[in-house]
Amino acid sequence: MRAMPPELLDAVAGELGRHRGAGVAASARRLSERYLADHPASRPILAAPDDVAGYLTTRMPATFAAVAAALDQVSDAVPTLEPRSVLDLGAGTGAATWAAREVFGSLERATLVDYAPEALAVAARLLRASDLDVTTTTAPLTRAGSGADDGVAGPDLAVCAFVLGELTEQARDAVVDSAMLAPTVLLVEPGTPAGYRRILRARGRLLDAGWHLAAPCPHELACPLASVEGEWCHAAVRLPRTREHRAAKGGERGYEDEKFSYVAATRLPVRLPAARVLRHPQVRTGHVRLELCEADGAARGVTVSKRQGTLYRAARKAAWGDAWDPA
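Printed below as a string of structure tokens:
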């Protein structure tokens, strides 16, 4: 399971201590409904203190887990990527920045941009528990600056997580362009058909600009799932639920599975895998069934039998979203 680091959990608990449980639970429910909606937001989603508290309780752990899982794949595909700085577009309370810090020990600086000052204020307080040099900017995401004008080097990594769905199509394109200020970009959206469509559009925009895909795609051809009815590319990560998280969600399970769609692109050298696991592997007696997206741009089902020895053992350990390199 992918959990937030202890220092962040402690900082979040301190923030939540300022709020009453009933207001937080109601806000968490509203956020869940908004998360599933497929239309631009008419106002900042994290505009009020209870909104932010609800986000800290439920969405921040899930956002952290999804971004960290995606960045793990990016790190494997781009072995020379050792970012010292990150641009977090639509940062909210800073989950993506914390995820980048978790995956990349080289990280030193973070610039967080959002149009919700309440969320950024909380992000800044939480990040005091980190070792990062942090700058927060309240501004439209389409006007995020690179720092080049004041002689400061631009970011090494840009992340935009669970934000594009809040914007108009024109604004989404502008945000993708802003992210391309960095040589490596990660975009993450909900693992829904609508989230996938937004990622697919951003993927095309990155390719049109001459970028190389780093993850999840093992190729730069058309997505093989785009033309298949009822199919869309997404991954999943399991994360633990805190007591407050369970109370806000009204659930008993001590974990949840966050589904997400993402694309990462870079101008650095890339080492793409032979394939990507598209679904939970089906482990059966004597064989494993894998659904793969392969380097030739096709999606195929592959059966790995026990007779294949090392390959079979690798297939039994494979997980949804993993790179698959049978060689």
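Each number in my numbering corresponds to the 1-based position in the sequence shown with 16 added.
The beta-carbon is built from N, C-alpha and C at its ideal position, and this holds for glycine as well.
As the structure is a prediction and not an experimental result, all values here were calculated from the model.
If we count the other Cβ atoms within 10 Å of its Cβ and call it buried at 16 or more, is residue i buried or exposed?
i: Tyr271; result: exposed
i: Arg257; result: buried
i: Ala291; result: buried
i: Leu237; result: exposed
i: Glu49; result: exposed
i: Val299; result: exposed
i: Arg75; result: buried
i: Arg287; result: exposed
i: Glu12; result: Here the chain comprises residues numbered 17 to 343, so residue 12 is not present and cannot be evaluated.
i: Gln186; result: exposed
i: Pro56; result: exposed
i: Pro206; result: buried
i: Ala169; result: exposed
i: Asp312; result: exposed
Between residue i and the rest of its own chain, which residues show a CB-CB distance below 8 Å, the 5 nearest in sequence each way excluded?
i: His303; result: Thr319, Val320, Ser321, Lys322, Tyr328
i: Pro22; result: none
i: Ala27; result: Arg141, Leu142, Arg144, Ala145
i: Leu72; result: Val28, Glu31, Leu32, Thr109, Val138
i: Arg46; result: Asp67, Gly70
i: Asp88; result: Val119
If you measure between the beta carbons of residue i and residue j, is that distance less than 7 Å?
i: Ala231; j: Ala93; result: yes
i: Asp341; j: Pro289; result: yes
i: Thr127; j: Thr151; result: yes
i: Asp130; j: Gly106; result: yes
i: Arg62; j: Ala155; result: For clarity, residue 62 is Leu in the given sequence; the question names Arg instead. Not a contact, by the Cβ cut-off of 7 Å.
i: Arg305; j: Trp336; result: no
i: Phe276; j: Ala82; result: yes
i: Ala190; j: Thr158; result: yes
i: His35; j: Ala69; result: yes
i: Val188; j: Leu197; result: According to the sequence displayed, residue 188 carries Arg and not Val. Not a contact, by the Cβ cut-off of 7 Å.
i: Ala264; j: Ala41; result: yes
Could you pull out every residue in the same chain whose Cβ sits closer than 6 Å to the Cβ of residue i, ignoring the five residues on either side in sequence?
i: Glu247; result: Leu241
i: Val201; result: Ala174, Ala195, Ala281
i: Glu98; result: Ser122
i: Arg254; result: Met17, Tyr271, Asp273
i: Leu24; result: Trp114
i: Arg221; result: Val192
i: Ala252; result: Asp273, Lys275, Trp336
From which residue to which residue does the alpha helix (DSSP H) around residue i run?
i: Leu87; result: 76–93
i: Asp66; result: 65–70
i: Thr356; result: Because residue 356 is not part of the residues shown, which for the chain are 17 to 343, the question remains open.
i: Ala225; result: Where Ala225 is concerned, there is no enclosing alpha helix (DSSP H), given that its DSSP letter is neither H nor E.
i: Asp338; result: Looking at the DSSP string, Asp338 is not in any alpha helix (DSSP H), and its letter there is neither H nor E.
i: Ala139; result: 133–142
Considering only C-alpha positions, which residue in the set the options is nearest to residue i?
i: Ala210; options: Ala86, Leu87, Ala263, Tyr278; result: Tyr278
i: Arg310; options: Leu128, Arg75, Ala42, His235; result: According to the sequence displayed, residue 310 carries Glu and not Arg. Answer by Cα proximity: His235.
i: Val192; options: Thr184, Glu182, Leu203, Met76; result: Leu203
i: Pro171; options: Thr113, Glu185, Ala139; result: Thr113
i: Val244; options: Leu308, Ala315, Arg217; result: Ala315
i: Arg219; options: Cys239, Arg46, Glu307, Pro206; result: Cys239
i: Ile215; options: Pro199, Ala198, Phe178; result: Phe178
i: Val119; options: Phe80, Arg259, Ala190; result: Phe80
i: His250; options: Arg259, Arg217, Tyr212; result: Tyr212
i: Cys233; options: Glu268, Leu308, Gly181; result: Leu308
i: Ala86; options: Ala263, Gly266, Glu260, Leu229; result: Leu229
i: Ala132; options: Ala64, Ala263, Thr208; result: Ala64
i: Pro199; options: Val90, Arg46, Asp338; result: Val90
For the beta strand (DSSP E) holding residue i, just list the boundary residues, first then last.
i: Glu185; result: No beta strand (DSSP E) contains Glu185, which is instead part of the alpha helix (DSSP H) from 185–195.
i: Thr200; result: 200–206
i: Leu105; result: 101–105
i: Arg292; result: 291–293
i: Val253; result: 251–256
i: His344; result: Residue 344 falls outside the range modelled here, since the chain spans only 17 to 343, and no answer is possible.
i: Gly30; result: That residue, Gly30, is in no beta strand (DSSP E); its alpha helix (DSSP H) goes 22–32.
i: Glu272; result: 271–282
So, for residue i: in the same chain, excluding its five sequence neighbours on each side, which residues have a beta-carbon less than 7 Å away from its beta-carbon?
i: Trp227; result: Ala281, Thr282, Arg283
i: Arg117; result: Leu123, Ser146, Leu148
i: Gln324; result: none
i: Ala334; result: Val293, Pro297, Leu306, Trp340
i: Arg12; result: The chain is shown from 17 up to 343; residue 12 falls before or after that span and cannot be answered.
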